[in-house]
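Q: Adding 112 to a residue's 1-based position in the sequence shown gives its number in the numbering used here.
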Amino acid sequence: MPSREVLLELPIVDHHAHLRPGPSGLEAAGAFASQGGTHLFLATQNYLPRAPRSLEEYRTQFETTEELALAVEKGSGLRVFVVLAPYPIDLVHVHEAIGLERAEELQHSAIDLALDHVREGRAVALGEVGRAHFPVDEPVKAALERVLDHALEGAKRTGCPAVLHTADLDALGYGELSQRVRHSGLTAERAVKHYARTYVPPEGRAGLTPSFLAKRDVVRSALGESGPFFFETDFLDDPTRPGVALPLDTVARRARAILTSCEPARFEETVRALTIPFVEAPRKVYGLELSRATPLRLTVPA
Ligand SMILES: [Zn+2]
């Protein structure tokens, strides 16, 4: 089959991943970069074997994420955006040790701390905030809802997006969550449902922005719509949980595969479809202008 070489300005963006300090995280980031990846949204996580029990422990955690982002930028050439918040599930784990009231207060103050980082330009969004993705006791559930409201109001006040951790959503779920978001005053588009595993078309998303897990079928379903939406791996470099999320180079490999296998007549249209998650959504949702320093070189059918 005849082929041609193209140079593309298209950035390639993974909207949600976690890394730990150490060589395995840098290696994963390097693999993403070498497949053409350019930008990574790095969400914080617990680096201790347990959830933080004090604001000081969250401060250390957030600073670790920030240092890690700088190390990844230096080591891989990727541009890394930090996303910070106390993980909602931390409350579920920690309330038995410190009591539900203190656990809730801790979430509130850690959210305020994360918002300080956003105001200082050290993070781009509040995340992950949201709900337990498994059944919890009624008082815990109610506390999580109050924390979610605090987070959404804080994001609205600070002028940043909120990245939401919830169970997988259908149109009903998007509708309910969207009401919650709008009630806080935050624009629905700036609330990003992360780890969206099921493709729900725009008319079923009540204005919320999905960050789709970059599985082949979901990626194929999303491409062609006007968005905004993102792709993500939710990569976790946890050696004790191999295969729990997609490899960090997945978004770049999928984008390449889509471009190098598409019919010549549809090439321009396909590039345009990929600008939705990689250029348009970062601009609309985050106000970020993303571009790549060196063009992506690909051999495509002619
Ligand atoms: Zn995550």
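Don't be surprised by glycine CBs; every beta carbon is placed ideally from N, CA and C.
Pull up the DSSP beta-bridge partners for phenylalanine 343, would you.
A: Partner(s): Phe324.
Q: Taking 9 Å as the cut-off, decide whether the C-beta atoms of proline 251 and isoleucine 223 are in contact.
A: Against a cut-off of 9 Å, the Cβ pair of isoleucine 223 and proline 251 comes out as no contact.
Q: Mind checking which residues open and close the alpha helix (DSSP H) that includes leucine 122?
A: Element bounds for leucine 122: n/a, residue is neither H nor E.
Q: Below 8 Å on the Cβ atoms is my guess for alanine 183 versus leucine 154; work out the distance and round it to an integer in Å.
A: That pair is no contact at about 11 Å.
Q: Please return the same chain residues whose Cβ sits closer than 6 Å to the Cβ of phenylalanine 343, not counting the five positions on each side in sequence.
A: The residues are Phe324, Ala326, Val363, Pro389.
Q: If we count the other Cβ atoms within 10 Å of its Cβ and call it buried at 16 or more, is glutamate 168 buried or exposed?
A: Classification of glutamate 168: exposed, given that the 10 Å Cβ count is below 16.
Q: Given a threshold of 16 other Cβ atoms within 10 Å of its Cβ, counted over all protein chains shown, does threonine 406 qualify as buried or as exposed?
A: That one is exposed.
Q: Using the C-alpha atoms, what's the distance from glutamate 208 back to valine 236?
A: Near 32 Å, if we compare the C-alpha coordinates of glutamate 208 and valine 236.
Q: Within 8 Å: the Cβ of alanine 326 and any heavy atom of ligand 1?
A: Outside the cutoff, so no.
Q: Would you mind working out which of Pro376, Lys305, Val194, Ala393 sits nearest arginine 116, comparing C-alpha positions?
A: Ranking Pro376, Lys305, Val194, Ala393 by Cα distance to arginine 116 puts Pro376 first.
Q: Identify which residue in Leu348, Arg404, Gly316, Val331 has its Cα closest to the Cα of threonine 382.
A: Of Leu348, Arg404, Gly316, Val331, the residue nearest in Cα terms is Val331.
Q: According to DSSP, is leucine 256 helix, strand or coil?
A: Correct three-state label for leucine 256: helix.
Q: What residue range is occupied by the uninterrupted alpha helix (DSSP H) comprising histidine 433?
A: Here the chain covers residues 113 to 414 and nothing more, so residue 433 does not appear.
Q: Can you grab the Cα-Cα spacing for the pair alanine 263 / glycine 137, in whole Å?
A: Answer to the nearest angstrom: the Cα atoms are 28 Å apart.
Q: Grab me the residues of aspartate 190's own chain with a C-beta within less than 8 Å of its C-beta, minus the 5 sequence neighbours each way, in chain order.
A: The residue asked about is misnamed: residue 190 is leucine in this sequence, not aspartate. Excluding residues within five positions, the ones whose Cβ falls inside 8 Å are Ala141, Phe144, Ala145, Gly149, Thr150, His151, Leu152, Val184.
Q: Are the beta-carbon atoms belonging to lysine 305 and leucine 289 less than 9 Å from one another?
A: In contact: lysine 305 and leucine 289 (Cβ atoms closer than 9 Å).
Q: Report the residue from Arg365, Arg231, Arg258, Asp126 whose alpha carbon sits nearest the alpha carbon of alanine 244.
A: When only C-alpha atoms are compared, the closest one is Arg258.
Q: Can you tell me which of the three DSSP states arginine 191 falls into?
A: Strand.
Q: Can you tell me where the beta strand (DSSP E) with alanine 279 in it begins and where it stops?
A: Element bounds for alanine 279: n/a, residue is neither H nor E.
Q: Would you kindly work out how many angstroms separate the C-alpha atoms of leucine 276 and glutamate 240, rounded to a whole number?
A: Computed Cα separation, rounded: 5 Å.
Q: Please identify the residue among Leu386, Cys374, Pro135, Leu119 whose C-alpha is closest to the C-alpha of proline 413.
A: Comparing Cα-Cα distances from proline 413 to each of Leu386, Cys374, Pro135, Leu119, the minimum goes to Cys374.
Q: How about tyrosine 307: is its Cβ closer than 8 Å to a heavy atom in ligand 1?
A: Yes, the Cβ of tyrosine 307 comes within 8 Å of a heavy atom of ligand 1.
Q: Would you mind reading off the limits of the alpha helix (DSSP H) that contains arginine 365?
A: Residues 362–373.
Q: Where does threonine 156 fall in DSSP's three states?
A: It is coil, neither helix nor strand.
Q: Is tyrosine 307 helix, strand or coil by DSSP?
A: Strand at tyrosine 307.
Q: My assumption, with CB atoms under 8 Å, is that histidine 130 sits in contact with leucine 348. Please give the rounded CB distance.
A: About 5 Å separates the two Cβ atoms, so the contact holds.
Q: With a cut-off of 8 Å on the beta carbons, I'd call threonine 321 and glutamate 301 a contact; round off their distance for me.
A: Right, their Cβ atoms sit about 6 Å apart.
Q: Excluding five sequence neighbours on each side, which residues of the same chain lie with their C-beta closer than 8 Å to the C-beta of aspartate 346?
A: If we look at aspartate 346 and ignore the five residues flanking it on each side, its Cβ neighbours are His128, Ala129, His130, His306, Tyr307, Leu325, Ala357, Leu358.
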